[in-house]
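Student: Using this note's numbering, the first residue of the sequence shown is number 26, and each one after it goes up by one. Cβ atoms here follow ideal geometry from the backbone N, Cα and C, with glycine treated the same way.
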Amino acid sequence: MTNPYREGWLLFNSASERWEIREAYDHPQSVHCGESFDLQIGTVFLTCRVEMDAEWYVIVQNTSFYLHPGFRYRIRVR
Numbered sequence: 026m027t028n029p030y031r032e033g034w035l036l037f038n039s040a041s042e043r044w045e046i047r048e049a050y051d052h053p054q055s056v057h058c059g060e061s062f063d064l065q066i067g068t069v070f071l072t073c074r075v076e077m078d079a080e081w082y083v084i085v086q087n088t089s090f091y092l093h094p095g096f097r098y099r100i101r102v103r
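1. Candidates E80, Q54, D78, W44: which alpha carbon is nearest Y98's?
2. DSSP three-state call for N38: helix, strand or coil?
3. Tell me the rounded alpha-carbon separation between V85 and R74.
4. I think R103 touches E32, with their Cβ atoms under 8 Å apart; what is that distance to the nearest whole Å?
5. Note down the Cα distance separating I46 from N87, rounded to an integer number of angstroms.
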């Protein structure tokens with residue numbers, strides 16, 4: 026059975042002021058509000074949804090937190 030997930034990184038592009046998924050696809054893909062992916066927290070991947078208020082944030086299991094533009098986050102996408 027093949028793995029249905031592609032792993033990559035979520036990085037902030039300061040030129041476009043958007044988060045991008047890198048390495049999971051042939052080219053960087055901009056992230057849009059409402060999109061879901063699995064975010065690695067510690068050693069586990071948790072499904073989250075990305076949203077935008079004054080800043081970009083994710084919602085994981087009814088808990089929200091802001092994404093830090095200086096960090097990169099390990100993710101999985103289908």
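Tutor: On the basis of the coordinates in this document:
1. Taking only the C-alpha atoms, the option nearest Y98 is W44.
2. Strand, per DSSP.
3. Cα atoms of V85 and R74: separation of roughly 7 Å, rounded to the nearest angstrom.
4. Not quite, the Cβ-Cβ distance comes to about 11 Å (not below 8 Å), so this is no contact.
5. Cα to Cα, the separation comes out at about 23 Å.
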